[in-house]
Amino acid sequence: MARVAGVSVPTVSRVLTGATRVSPERSARVQAAIESLGFRPNGAARALVGGRQPMLAVFAGNTTRFGYAATIQGIEEAARADGLMVVISVVETDDPAAVKQAVDLALSQPLSGAIVLEYDPPGVATLAAVPSWLPVVAVAAGGRSGSTVAHAYMDDFLGARRATQYLLELGHPTVHHVAIPSAGVESSRLLGWREALEVAGAAVPPVVQAGWDPMSGYDAGIRLLKDEHVTSVLCGNDELAMGLMRAAQDLAIRIPEDVSVIGFDDHPLGQLWSPALTTVRQDFVELGRRSFQLLKQARSGSESVLTSRIVPDLVVRQSSGAVSSSVRTHGAARVSGSLAP
Numbered sequence: 001m002a003r004v005a006g007v008s009v010p011t012v013s014r015v016l017t018g019a020t021r022v023s024p025e026r027s028a029r030v031q032a033a034i035e036s037l038g039f040r041p042n043g044a045a046r047a048l049v050g051g052r053q054p055m056l057a058v059f060a061g062n063t064t065r066f067g068y069a070a071t072i073q074g075i076e077e078a079a080r081a082d083g084l085m086v087v088i089s090v091v092e093t094d095d096p097a098a099v100k101q102a103v104d105l106a107l108s109q110p111l112s113g114a115i116v117l118e119y120d121p122p123g124v125a126t127l128a129a130v131p132s133w134l135p136v137v138a139v140a141a142g143g144r145s146g147s148t149v150a151h152a153y154m155d156d157f158l159g160a161r162r163a164t165q166y167l168l169e170l171g172h173p174t175v176h177h178v179a180i181p182s183a184g185v186e187s188s189r190l191l192g193w194r195e196a197l198e199v200a201g202a203a204v205p206p207v208v209q210a211g212w213d214p215m216s217g218y219d220a221g222i223r224l225l226k227d228e229h230v231t232s233v234l235c236g237n238d239e240l241a242m243g244l245m246r247a248a249q250d251l252a253i254r255i256p257e258d259v260s261v262i263g264f265d266d267h268p269l270g271q272l273w274s275p276a277l278t279t280v281r282q283d284f285v286e287l288g289r290r291s292f293q294l295l296k297q298a299r300s301g302s303e304s305v306l307t308s309r310i311v312p313d314l315v316v317r318q319s320s321g322a323v324s325s326s327v328r329t330h331g332a333a334r335v336s337g338s339l340a341p
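Numbering (UniProt numbering), first residue to last: 1 to 341.
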């Protein structure tokens with residue numbers, strides 16, 4: 001840039017930082033070179049060099065889903081207590097151009113580090129795109145993150161296995177699974193469910209793939225619950241479970257008398273649902289706090305790969321119960337086709 005502008009490197013630096021006055025003529029030449037070269041100052045690099053590190057970037061594929069929002073809450077609370085501001089970058093796709101744009105925009109700020117929510121394909125792609133010189137921590141599901149990156153994770157493999165074992169202990173011959181979308185590999189929740197069935201010698205039914213939202217769970221429930229051999233279902237998250245339970249209502253299927261349902265995450269509305277939802281509780285706020293503590297250690301220059309694992313709890317409520325001694329007698333009724341509030 002100095003060569004294009006016809007000035008010295010220190011002059012370019014003074015124009016960019018504004019630390020020292022530069023003549024209008026030289027400043028104009030530097031600005032013209034900036035525009036012709038498409039140069040954009042890297043705020044993160046300047047912050048690391050100059051010691052100004054007041055901001056933390058959080059990359060997330062979504063900020064409205066319960067697990068994402070609660071994790072971000074934990075990060076923000078911990079960062080604020082430590083005197084850092086948080087900037088949130090939503091990366092909705094794993095398209096390389098979109099990911100690069102999001103990362104470059106965040107790097108234009110004076111960052112002290114980044115936390116990537118690696119819950120989905122956009123998160124996986126973003127983690128790979130963050131430069132190695134920036135301290136970074138991944139918040140992963142089931143410890144999926146690569147071994148070279150510090151990561152905090154919820155052991156949802158163990159949570160799914162325990163929930164499946166619980167339903168088998170209640171006398172259900174097998175457990176069906178309505179799965180959330182994966183991040184390129186089978187989710188830890190799906191793997192834990194399958195292992196529990198295989199260890200118990202129970203049949204492993206086909207997985208019902210769904211989205212994240214209640215309507216997706218409703219559609220899955222309409223397809224799945226018409227089979228009278230289905231007596232228990234483990235859902236990939238609570239929203240799916242709520243939608244499936246509404247489908248059961250529309251099909252005149254009783255919960256838990258005819259079908260037991262377990263969700264995942266412990267959404268705040270789960271205990272207010274009717275019947276109250278049995279679920280695998282995951283403390284996402286604590287997960288966010290732990291990821292920030294890992295980032296602090298990474299920023300201090302720790303050479304070891306850091307991890308923090310949280311074990312979820314099974315919260316038993318009214319949506320699960322012992323298997324009925326008789327075959328379900330409540331057949332499929334006409335479906336309304338809508339999900340009422």
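Using N, Cα and C, we set each Cβ at its ideal position, and we do this for glycine too.
Note that the coordinates shown come from a computational prediction; the quantities given were computed from them, not determined experimentally.
Check                                                                                             : Outcome
Residue closest to V259, alpha-carbon to alpha-carbon, out of Y68, L244, S188 and F157            : L244
Short Cβ contact (9 Å threshold) for V137 with A248                                               : no
Element boundaries [alpha helix (DSSP H), containing D258]                                        : Note, D258: premise wrong, no alpha helix (DSSP H); not H, not E.
Status (buried if at least 16 other CB within 10 Å, exposed otherwise) for G201                   : exposed
Neighbourhood of R52 by C-beta, 7 Å cutoff - its chain only, sequence neighbours within 5 removed : Confidence at R52 is low in this model, with a pLDDT of 47, below 50, so the placement of that residue should be treated as unreliable; the coordinate-derived value is given next. Within the same chain, R52 has close Cβ partners P110.
Three-pair Cβ contact test at 8 Å for the segment 190-207 versus the segment 161-178              : yes
Where A194 sits in the DSSP three-state scheme                                                    : Note that residue 194 is Arg in the sequence shown here, rather than Ala. Reduced to three states, the DSSP call for R194 is helix.
Close Cβ partners of S291 (< 7 Å) along its chain, the five nearest in sequence each way excluded : I75, I115, V137, V139 and A152
Cβ-based neighbour list, G321, same chain, cut-off 6 Å, excluding 5 preceding and 5 following     : P256 and S260
Beta carbon of D120 nearer than 9 Å to that of N62                                                : yes
Straight-line Cα distance separating L167 from A203                                               : 13 Å
Simplified DSSP assignment, three categories, for E92                                             : coil
DSSP beta-bridge partners of A141                                                                 : M154
Candidates K226, E286 and P312: closest to G263 by CA position                                    : P312
Beta-carbon proximity list for A79, same chain, < 8 Å, skipping 5 on both sides                   : L56, M85, V86 and F292
Three-way DSSP call (helix, strand, coil) for A203 in this model                                  : coil
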